[in-house]
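Read in order, the letters of the sequence shown correspond to residues 1 to 425 in UniProt numbering. No residue lacks a Cβ here, since even glycine has one placed at the ideal position from N, Cα and C. This report refers to the structure that appears directly beneath it.
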Amino acid sequence: MTENSGWWARAQEVLPGGVNSPVRSFRGVGGEPFFVDKGEGAYLVSDQGKRYCDYVMGYGPLILGHAHPQVVEAVRAQALLGLSYGTPTHREVLMGERIRSAIASMELVRLVNSGTEATMSALRVARGVTGRRLVVKFTGSYHGHHDSLIIKAGSGAATLGVPDSAGVPEEIAQLTMTVPYNDIDALREVFREHGRNIAAVIAEPVAGNMGTVPPVPGFLETIRELTQEYGALWVSDEVMTGFRVTYGSVAESRGLEPDLITLAKVIGAGMPVGAYGGKRQYMELVAPLGAVYQAGTFSGNAVAMAAGLAQLSVVGEPHFYETLTQRTTRLAEGLKERARRHGIEVSVNQAGAMMTLFFNGQSPTNFDEVAASDHERYRRFFHGMLERGIFFPPSGYETCFPSWAHTDADIDMTVQAADAVFRQL
Ligand code: PMP
């Protein structure tokens, strides 16, 4: 159990499960979530005044840490001028330009309000461009909660999808095919059978929603090759990885050119933002230019743009990503080394400033291997760390997001705490 301020009981009376997004309920690890009063750099402060070194970081957006002065100042300055206008603003243009200058294949960019909206709209564009119905996703990947993508695999290696949520009609689920992440043969098989009906393959270039799982050599290249061969679009879902692993797109940093890219999280600095974009020839289909309809009262919101632009200007400074990656590696190596000392089998997957500790001697490469990790041990690890004032993700299927605000001292303190927790596991 964590702290009980009475608010958890009130929350459960008025919000489904006490939360507005399921993972926050701690269902994956048991116990009660804590309530936050404020964030400061690498730390959260609970309503009981307890400080937590935070590796969740809003599930990814807060790459500079909580309440970074430049981001806060940009938000304050914009708020004084109004929150939302429903007319074009300079900052939307500046955001589009900044994204395009970092990600060459995003020739036209449409701003939306979340990652879910970005992937939903990108699929609509892909279906609009190709006139086809089927989409392919990978097991254990998450792309948001809309009907086409909240789909799990049926039985078998490469299957027609079944709904992963009540309320998704089977007829829609069946249009989404699911293949194990990193399974090149299964992907080829799906294209051999259905290639001419596939509108899009959507993939995280580093999976982050089953914990961090990097692509095996050849995986992303095969997606590119097959989609090109069969006339489907490759949607690189970089909602989590974009501007997190590197400045811009992971797919592009590997020399690949997706047809459409989705972004969110880091480009909004903690404000609700998403974006999708790609080659002009595809994006010209989006309304008002073309027949694919997509709109939003808050899209390109002035405060969100101000926050995002402030954050992107900081992460664009030289050596930002090298330094952040080194700090993440310091954490990864520290955790591995301490676990080994206590004879505990772990592996750590890392891509830039994304990292997951698995209680699994082998580094997982797909969802089944993640599922085979010792999640009961992760549960005990999580609570041991929480007691020591360190907030790891409340599920063994999530990614840690070290931020710029985490100093080497914070990381060493975390590794020390982990040592004590490993001893008791
Ligand atoms: N795609 C990916 C890769 C994500 O990680 C997420 C969120 N974790 C989403 C889409 C959905 O984004 P949002 O929660 O902003 O709707």
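The beta carbon of Ala306 sits closer than 8 Å to the beta carbons of Ala74, Val75, Ala77, Gln78, Arg91 from its chain, once the five residues preceding and following it are set aside; these are given in chain order. Three or more Cβ pairs closer than 8 Å define a contact, and the stretch 226-245 meets that threshold against the stretch 266-275. Among the bridge pairs identified by DSSP, Lys336 is matched with none. When C-beta atoms of the stretch 25-35 are compared with those of the stretch 371-388, three or more pairs fall below 8 Å, so the two segments count as touching. For Met210, the three-state secondary structure derived from DSSP is coil.
In the pairwise beta carbon analysis, the stretch 394-409 is classified as touching the stretch 369-378: at least three pairs are separated by under 8 Å.
Lys137 and Val235 have their alpha carbons spaced roughly 10 Å apart. Counting along the chain, Ile184 sits inside the alpha helix (DSSP H) bounded by residues 184-194. Under DSSP, Ile390 forms a beta bridge with Cys53.
Ranked by Cα distance from Thr407, the first of Ile99, Ala42, Arg24 is Ala42.
Residue nearest to Leu94 within the set Asn301, Met283, Gly352, Leu15 is Asn301 (criterion: CA-CA distance).
For the alpha helix (DSSP H) assignment, the uninterrupted runs of no fewer than 4 residues enclosed by the stretch 369-423 are, from N- to C-terminal side, 375-387. For Lys265, the secondary structure class from DSSP, reduced to helix, strand or coil, is helix. Phe367 is positioned such that its CB atom lies no closer than 9 Å to that of Gly60. The closest heavy atom of the ligand PMP lies 8 Å or more from the beta carbon of Asn20.
Setting aside the 5 residues that flank it on each side, Val109 is surrounded in the same chain by Gly96, Ile99, Arg100, Ala275, Gly277, each with a C-beta closer than 7 Å to its C-beta; the list follows chain order. With a threshold of 16 other beta carbon atoms within 10 Å, Gly17 falls short and is exposed. Within the chosen limit of 8 Å, the ligand PMP reaches the beta carbon of Met240 through at least one heavy atom. By the Cβ neighbour-count rule, Glu333 is exposed, with fewer than 16 other Cβ atoms within 10 Å of its own. Cβ atoms of Thr262 and Ala118 come within 8 Å of each other, at about 4 Å. As the crow flies, the alpha-carbon of Val250 is around 10 Å from that of Ile103. Residue nearest to Met271 within the set Glu238, Ala9, Leu111, Asp54 is Leu111 (criterion: CA-CA distance). Taking 8 Å as the upper bound for CB-CB distance, Tyr55 and Phe401 are in contact here, some 6 Å apart.
Met95: not part of any beta strand (DSSP E); member of the alpha helix (DSSP H) spanning 90-102, first to last residue.
In terms of CA proximity to Ser313, His68 leads the group Gln326, His68, Gly49.
The Cβ-Cβ distance between Gly65 and Gly39 falls below 9 Å.
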